[in-house]
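Undergrad: Under the working numbering, the very last position in the sequence shown is 342; numbers go up by exactly one each time.
Note that CB positions come from ideal geometry on N, CA and C, so glycine has one too.
One structure is given below, represented as structure tokens, and several questions about it will come after.
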Amino acid sequence: MPHIQLQRWLYTCLLVSALPTLCLGLLEGLYCGKENCYDVLGVTRESSKSEIGKAYRLLARKHHPDLHRGEEAKALAEEKFKLLATAYEILRDEESRTDYDYMLDNPDAYYAHYYRYYRRRVAPKVDVRVVIVVTLTIISVIQYYSGWQRYDAAIKYFATVPKYRNKALDIARDEIQAMSSKDRKSKNRKNLTKTKQKEELERIIRKVIEEKMDVQGGYAKPTLWDVLWVQLIISPYTLFNWLVWHAQWLWRFTILKQEYGREQQLYLIRRYMGMGQHQFNSLEERQIEEYLELELWQRENFEAWKAEQDEEMKKKLAENPRYKAYRRYMKNHGPGRITFED
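Structure (structure tokens):
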């Protein structure tokens with residue numbers, strides 16, 4: 001019995017010692033720990049930010065470790081100085097002070113206190129606007145650089161295709177002959193190796209292709225107008241043009257029933273085909289002229305042409321040996337399926 005009474009007495013003492021901090025809502029490891037941040041600075045909850053700053057500066061000068069001698073006194077002053085700095089950091093910021101006041105007013109909401117405290121500690125300190133600006137800039141740079149890579153790949157491809165390469169050689173024939181005569185007259189002809197001559201020829205061919213070849217679609221030469229940043233800046237202007245264009249279309253071709261021009265015809269053909277502007281621009285001029293001759297901007301003509309294309313594609317697939325083998329397999333075995341025997 002005396003042993004049990006002793007345990008009860010110890011539990012009572014621990015509860016009594018912890019009761020003040022529990023009632024005040026002070027938690028170890030949060031904010032100023034068991035100390036009240038207002039009491040640490042000697043201010044009240046009604047004190048203004050300037051009063052809190054003034055109190056902190058006075059106490060910081062008083063308890064600065066450099067003003068104390070002896071290891072023990074210096075250690076105590078350093079601990080006090082850290083506590084003062086922590087209290088000031090908490091109370092000078094409006095949001096952290098609001099969270100701290102919430103903890104004092106709601107001592108039972110332990111989990112909410114921990115969440116509020118560590119959310120602020122772990123959250124990034126960088127302004128969200130800065131993050132957005134940096135992200136858009138990185139995307140724009142990557143977009144512009146990848147556009148140049150695609151354009152360079154297209155030019156290199158055209159330089160290897162015999163049709164375009166021969167055309168470029170015909171166009172640059174005078175420049176190539178001038179280069180050859182210059183090499184023959186050069187005193188340092190021995191230094192002009194075949195490799196250098198070949199590199200110079202490829203440079204001329206590439207130059208001609210870049211000047212004469214109108215690369216469209218996703219491999220077109222990139223411009224700053226295509227960059228995401230520029231598109232966002234001019235988006236109000238783009239939206240305004242879009243609204244004006246559709247209003248004119250409604251007025252001219254829906255209400256007034258005017259005849260379509262070439263631009264409108266190509267727009268209708270592209271829309272019926274479900275192609276983007278860059279994709280449609282990448283088509284050959286001969287193919288576009290064929291679409292115009294067939295008057296595919298008219299819905300009934302396009303549907304008839306589409307049916308013919310589908311039928312022709314079915315015939316080509318029927319004559320394809322691989323497709324025949326695939327159809328025989330599907331006929332004999334049916335669609336693939338997974339069973340327990342597999």
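When DSSP labels each residue in this structure, what does residue 11 get in the three-state scheme?
TA: In the sequence shown, residue 11 corresponds to position 11, counting from 1. Here the model assigns residue 11 a pLDDT of 42, short of 50, so the residue's position is not dependable, and the following value carries that caveat. It is helical.
Undergrad: Taking C-alpha atoms, which residue in 152, 98, 30 and 41 lies nearest to residue 203?
TA: In the sequence shown, counting from the first residue as 1, residue 203 sits at position 203. Considering only alpha carbons, the answer is 152.
Undergrad: Among residues of its own chain, excluding the 5 on either side of residue 164, which ones have a beta-carbon nearer than 6 angstroms to its beta-carbon?
TA: Stepping through the sequence shown from its first residue, residue 164 is reached at position 164. Correct list, in chain order: 158.
Undergrad: What's the call for residue 310, buried or exposed, on a 16-neighbour Cβ count within 10 Å?
TA: The sequence position of residue 310 within the sequence shown is 310, counting from 1. Exposed, because fewer than 16 other Cβ atoms sit within 10 Å of the Cβ of residue 310.
Undergrad: Would you give the residue range spanned by the alpha helix (DSSP H) that residue 158 belongs to?
TA: Translated into positions along the sequence shown, residue 158 becomes position 158. Residues 128 to 160.
Undergrad: Secondary structure at residue 322, three-state DSSP: helix, strand or coil?
TA: For the purposes of this step, residue 322 is taken as residue 322 along the sequence shown, with counting starting at 1. Residue 322 falls in the helix class under three-state DSSP.
Undergrad: Helix, strand or coil, according to DSSP, for residue 53 in the structure here?
TA: Counted from its first residue, the sequence shown places residue 53 at position 53. Looking at residue 53 - three-state DSSP - the assignment turns out to be helix.
Undergrad: Please classify residue 313 as buried or exposed, where buried requires at least 16 other C-beta atoms within 10 Å of its C-beta.
TA: For the purposes of this step, residue 313 is taken as the residue at position 313 of the sequence shown. Exposed is the call here.
Undergrad: Should residue 40 be labelled buried (16 or more other beta-carbon atoms within 10 Å of its own) or exposed?
TA: The count along the sequence shown starts at 1 and reaches residue 40 at position 40. That one is buried.
Undergrad: Looking at the structure shown, is residue 77 part of a helix, part of a strand, or coil, going by DSSP?
TA: Position 77 of the sequence shown, counted from the first residue, corresponds to residue 77. Residue state, collapsed to three classes: helix.
Undergrad: Unbroken beta strand (DSSP E) runs of length 3 or more, entirely within the region 266 to 311: which are they?
TA: Entirely contained in the region 266 to 311, not one beta strand (DSSP E) run reaches 3 residues.
Undergrad: Does the separation of the CB atoms of residue 117 and residue 93 fall below 9 angstroms?
TA: Here residue 117 refers to the residue found at position 117 of the sequence shown. Here residue 93 refers to the residue found at position 93 of the sequence shown. No, they are not a contact pair.
Undergrad: Kindly indicate which residue of 71, 293, 96 and 56 has the alpha-carbon position closest to the one of residue 82.
TA: Working through the sequence shown from its first residue, we reach residue 82 at position 82. If we check each option's Cα against that of residue 82, 56 comes out closest.
Undergrad: Pick from 301, 299, 304 and 269: whose alpha carbon is nearest that of residue 287?
TA: As a first step, residue 287 is located in the sequence shown; it is residue number 287 there, counting from the start. Checked all of 301, 299, 304 and 269; the closest Cα to residue 287 is 269.
Undergrad: Report all residues from its chain with a CB closer than 7 angstroms to the CB of residue 258; omit the five preceding and five following residues, and keep chain order.
TA: As a first step, residue 258 must be located in the sequence shown, where it is residue number 258. Answer for residue 258: 252, listed in chain order.
Undergrad: In or out: residue 190 buried (at least 16 other Cβ within 10 Å) or exposed?
TA: Start at 1 with the first residue of the sequence shown, and residue 190 comes out as number 190. Confidence at residue 190 is low in this model, with a pLDDT of 48, below 50, so the placement of that residue is unreliable and no value is reported for it.
Undergrad: If you measure between the beta carbons of residue 84 and residue 63, is that distance less than 9 angstroms?
TA: In the sequence shown, counting from the first residue as 1, residue 84 sits at position 84. In the sequence shown, counting from the first residue as 1, residue 63 sits at position 63. Against a cut-off of 9 angstroms, the Cβ pair of residue 63 and residue 84 comes out as a contact.
Undergrad: For residue 86, which of helix, strand or coil comes out of DSSP?
TA: The residue given as residue 86 occupies position 86 in the sequence shown. Note: residue 86 maps to helix in three-state DSSP.
Undergrad: Can the beta-carbon of residue 297 be found closer than 9 angstroms to that of residue 266?
TA: To locate residue 297, count along the sequence shown from 1; it is residue 297. To locate residue 266, count along the sequence shown from 1; it is residue 266. Yes, the pair counts as a contact, with Cβ atoms nearer than the cut-off.
Undergrad: According to DSSP, simplified to helix, strand and coil, what is residue 105?
TA: Start at 1 with the first residue of the sequence shown, and residue 105 comes out as number 105. Three-state DSSP puts residue 105 in a helix.
Undergrad: In the DSSP assignment, the alpha helix (DSSP H) including residue 247 goes from what residue to what residue?
TA: As a position in the sequence shown, residue 247 is number 247, starting the count at 1. That run of the alpha helix (DSSP H) goes 235 to 249.
Undergrad: Cβ of residue 150 within 9 angstroms of Cβ of residue 260?
TA: Mapped onto the sequence shown, residue 150 falls at position 150. Mapped onto the sequence shown, residue 260 falls at position 260. Going by C-beta atoms, residue 150 is not nearer than 9 angstroms to residue 260.
Undergrad: Taking only the alpha-carbon atoms, compute the straight-line gap between residue 142 and residue 148 and give it to the nearest angstrom.
TA: As a working note, residue 142 is residue 142 in the sequence shown. As a working note, residue 148 is residue 148 in the sequence shown. Between residue 142 and residue 148, the C-alpha separation is close to 10 angstroms.
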